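So the structure is just underneath, and the comments pick up after that.
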Amino acid sequence: LAANRSLRRRHDRVSQTARAGAPTWAKPEEMADSRTPLARDPHPECYRSSTHGMVDFSEDVSSKDLVQASKEGFDSIELMKRYTTVTMGPAQGKLETVNAASVLAEANGVDMADIGTTVWRPPYSPITLGALAGRILEPVRRSALQDWHEAHGSTPLLAGQWVRPDQYGDAMAEAANVRANVGLIDVTPLGKLDLRGADVPKLLELVYVNKWQKLDVGRVRYGAMVAEDGVVSDDGVTGRLGEDHWLMTTTSSGAGAVWEMLEDWLQTAHPEWEVHVTAVTGGLTSINVAGPNSRTLLERLTKGVDLTADAFPYFSVRQGTVAGVSNCIIWRIGFTGELSYEVHVPSGHALHVWETLLETGADLGCAPFGVEAQRILRLEKGHYIVGQDTDGLSKAPTAGLGGLVKLDKPDTLGLPELKHAYERDDLPILVGIQTVDGSIVPEEAAQIVDGNENTILGRITSSRMSPTLGRSICLGQVDPSLSAAGTEITVLLADGRRIKALVQEHHAHFDHEGARQRV
Numbered sequence: 004l005a006a007n008r009s010l011r012r013r014h015d016r017v018s019q020t021a022r023a024g025a026p027t028w029a030k031p032e033e034m035a036d037s038r039t040p041l042a043r044d045p046h047p048e049c050y051r052s053s054t055h056g057m058v059d060f061s062e063d064v065s066s067k068d069l070v071q072a073s074k075e076g077f078d079s080i081e082l083m084k085r086y087t088t089v090t091m092g093p094a095q096g097k098l099e100t101v102n103a104a105s106v107l108a109e110a111n112g113v114d115m116a117d118i119g120t121t122v123w124r125p126p127y128s129p130i131t132l133g134a135l136a137g138r139i140l141e142p143v144r145r146s147a148l149q150d151w152h153e154a155h156g157s158t159p160l161l162a163g164q165w166v167r168p169d170q171y172g173d174a175m176a177e178a179a180n181v182r183a184n185v186g187l188i189d190v191t192p193l194g195k196l197d198l199r200g201a202d203v204p205k206l207l208e209l210v211y212v213n214k215w216q217k218l219d220v221g222r223v224r225y226g227a228m229v230a231e232d233g234v235v236s237d238d239g240v241t242g243r244l245g246e247d248h249w250l251m252t253t254t255s256s257g258a259g260a261v262w263e264m265l266e267d268w269l270q271t272a273h274p275e276w277e278v279h280v281t282a283v284t285g286g287l288t289s290i291n292v293a294g295p296n297s298r299t300l301l302e303r304l305t306k307g308v309d310l311t312a313d314a315f316p317y318f319s320v321r322q323g324t325v326a327g328v329s330n331c332i333i334w335r336i337g338f339t340g341e342l343s344y345e346v347h348v349p350s351g352h353a354l355h356v357w358e359t360l361l362e363t364g365a366d367l368g369c370a371p372f373g374v375e376a377q378r379i380l381r382l383e384k385g386h387y388i389v390g391q392d393t394d395g396l397s398k399a400p401t402a403g404l405g406g407l408v409k410l411d412k413p414d415t416l417g418l419p420e421l422k423h424a425y426e427r428d429d430l431p432i433l434v435g436i437q438t439v440d441g442s443i444v445p446e447e448a449a450q451i452v453d454g455n456e457n458t459i460l461g462r463i464t465s466s467r468m469s470p471t472l473g474r475s476i477c478l479g480q481v482d483p484s485l486s487a488a489g490t491e492i493t494v495l496l497a498d499g500r501r502i503k504a505l506v507q508e509h510h511a512h513f514d515h516e517g518a519r520q521r522v
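Add 3 to a position in the sequence shown, counting from 1, and you land on the number used in the working numbering.
Right, dumping it as structure tokens:
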């Protein structure tokens with residue numbers, strides 16, 4: 004208030020001075036020739052040409068505008084600034100303040116010292132955006148096991164909102180141990196949605212490209228989602244725990260979006276459906292027990308579930324007690340390509356189950372493995388990751404999901420575009436790739452080009468050195484003309500080298516028939 008009163012007093016004082024002794028300005032229309040200054044015009048340059056003397060080019064303010072502002076009573080520099088927007092452009096007054104103050108002083112008939120100046124907003128000098136960066140405002144999520152991971156030497160990895168163990172020292176050794184013995188990985192960040200109601204199959208038929216009506220209780224099924232344009236948007240496994248009780252999993256990064264999408268369809272398009280969706284991602288800690296010794300390990304600790312191959316086949320779900328903790332949900336699935344079980348445990352008991360598994364399986368070679376080892380294993384098996392091996396052009400048929408898509412369903416999200424995708428022959432196709440020189444691991448996103456030319460025909464989407472095969476392995480998107488098995492392609496590396504690679508018959512580089520995970 005004091006500052007406003009002071010500004011008002013100065014404004015009144017300057018206005019009185021201006022009215023008493025301000026010079027008479029010539030109007031442009033009174034000038035015979037705007038290029039010929041009149042004697043009574045103190046600043047004839049202000050009226051040269053049609054610009055009338057531009058003061059602020061970024062805000063398109065001329066001296067004529069400033070004089071007019073003074074005549075209308077906006078004769079304080081702060082009022083003039085806001086009335087004309089002079090000095091309010093990108094330059095923030097650093098180029099035009101002195102000129103603006105000079106014109107206003109002349110219009111008011113006072114010295115520039117009496118006019119003052121406006122306040123220049125920071126930064127006065129250019130600074131880097133990094134200097135302005137603040138703390139991460141997005142919440143960071145941690146599983147019930149994250150403290151254990153960090154206490155046992157894991158390297159933290161920020162994956163979406165979740166802090167995850169990237170590795171415990173040697174990802175290659177961790178992957179090799181899973182192939183030979185048994186390993187544990189914390190997969191809690193996988194989105195988990197509890198679905199209940201008689202109309203759950205209708206909802207699943209709508210959002211997934213495959214069918215769900217006839218899935219039996221005790222079975223699970225892989226499903227992929229597409230957007231309205233037919234592009235793959237998410238994937239996961241959903242199991243039927245009871246007649247009207249299902250558990251859906253999503254990708255870690257897509258959990259929130261899938262939940263919102265389901266609720267949107269239920270609340271707007273199909274409010275009559277009997278479906279209730281509950282997010283249980285944080286309430287259930289998920290532990291993947293993977294490797295040839297995984298069944299032996301779980302048999303030592305599981306009650307109420309027959310884990311034999313005939314009683315608990317691949318892609319099945321059971322509920323029982325693990326390490327003394329009841330109400331555990333056990334899925335037999337295999338993202339790593341090995342015999343494996345995904346155990347969903349109430350988060351309050353997760354640490355007990357995790358440590359008991361490690362202790363009980365010590366003689367079986369049980370050890371934890373991180374996200375990096377998991378990515379090596381899944382790439383050996385040829386499993387793609389949505390958003391890494393797919394992009395905004397990846398329609399379901401070209402992402403290796405052609406056999407999964409069912410076009411005879413009455414209604415599926417993106418169905419018209421899916422039908423159109425089968426008619427097109429110009430969409431990039433996801434294929435398995437191996438370099439001719441197996442010691443070279445192409446960078447992810449390395450371009451696939453046309454021989455010695457620079458025409459881009461695809462890109463490497465995933466690449467790793469395989470400890471199982473002792474060579475580099477890749478997945479990549481290629482032009483349809485290069486998708487046939489055995490086709491030689493050229494990969495342009497970041498250092499400018501061009502190397503040869505071969506398109507493989509399958510996405511999987513290891514056990515493409517799935518024998519190891521079905522034992």
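Think of the CB as a built atom: it goes at the ideal place given N, C-alpha and C, for glycine as much as any other residue. Since the structure is predicted, the reported quantities are computational estimates derived from the model, not experimental observations.
Which residues in the same chain as residue i place their Cβ atom closer than 7 Å to its Cβ, once the five residues preceding and following it in sequence are excluded?
i    : result
D392 : L433, T464, S465 and L478
S297 : V185, L342, S343 and Y344
A104 : I80, M115, I118 and T120
E99  : V58, D59, V89 and T90
H279 : R199 and G200
Residues in its own chain within less than 8 Å of residue i by CB, not counting five upstream and five downstream?
i    : result
L404 : V212, A227 and V235
R144 : Q164, W165, V166, P192 and G285
E362 : none
V328 : V348, P349, H352, H355 and V356
G133 : none
From which residue to which residue does the alpha helix (DSSP H) around residue i run?
i    : result
H423 : L418 to E426
D150 : Q149 to A154
I118 : M115 to I118
V66  : One detail in the question is off: residue 66 reads as Ser in this sequence, not Val. Unbroken alpha helix (DSSP H) run through S66: S66 to K74.
V374 : V374 to K384
W334 : It is not in any alpha helix (DSSP H) - W334 instead sits in the beta strand (DSSP E) that spans V328 to R335.
E447 : Run containing E447: none; DSSP gives neither H nor E here.
T158 : Counting along the chain, T158 falls outside any alpha helix (DSSP H), though it belongs to the beta strand (DSSP E) covering T158 to A162.
R138 : R138 -> no alpha helix (DSSP H), and no H or E assigned at all.
A103 : T100 to N111
Tell me whether residue i sits in a helix, a strand or coil according to DSSP, three-state version.
i    : result
H248 : strand
P26  : Since pLDDT at P26 reaches only 43, below the 50 mark, its modelled position is unreliable, and the value read off the structure follows with that caveat. Note: P26 maps to coil in three-state DSSP.
R167 : strand
K398 : strand
R521 : helix
N457 : coil
H279 : strand
N291 : strand
G323 : strand
T90  : coil
L505 : strand
K524 : Residue 524 cannot be examined here, being either before or after the span of the chain that is shown, 4 to 522.
P316 : coil
H352 : helix
A1   : Past the boundaries of the shown model lies residue 1; the chain is included only from 4 to 522, so the question cannot be answered.
G403 : coil
Excluding five sequence neighbours on each side, which residues of the same chain lie with their C-beta closer than 6 Å to the C-beta of residue i?
i    : result
R501 : T493 and L495
V190 : S289 and N291
A201 : D247 and E277
R474 : G441
Since residue i is in the beta strand (DSSP E), which residue starts that stretch and which ends it?
i    : result
K195 : G194 to R199
W268 : Segment: none, W268 is in no beta strand (DSSP E) and carries neither H nor E.
V58  : M57 to D59
R224 : V223 to V229
V494 : E491 to L495
Buried or exposed: which applies to residue i, given that a residue is buried once 16 or more other Cβ atoms fall within 10 Å of its Cβ?
i    : result
L187 : buried
T458 : exposed
A312 : exposed
R38  : Note that R38 has pLDDT 34, beneath the 50 cutoff, so the model's placement of it is unreliable and the number below is only indicative. By the 10 Å Cβ count, R38 comes out exposed.
T339 : buried
A504 : buried
A449 : buried
S146 : buried
F372 : buried
V220 : exposed
V439 : exposed
T87  : buried
E208 : buried
G525 : Nothing about residue 525 can be reported from this structure: the residues present for the chain run from 4 to 522 only.
E426 : exposed
N330 : exposed
Quick test of your reading: residue i and residue j, contact by CB under 8 Å. State the CB separation rounded to the nearest angstrom.
i    : j    : result
L301 : P349 : Wrong, their Cβ atoms sit about 17 Å apart, outside the cutoff.
L421 : V229 : 7 Å
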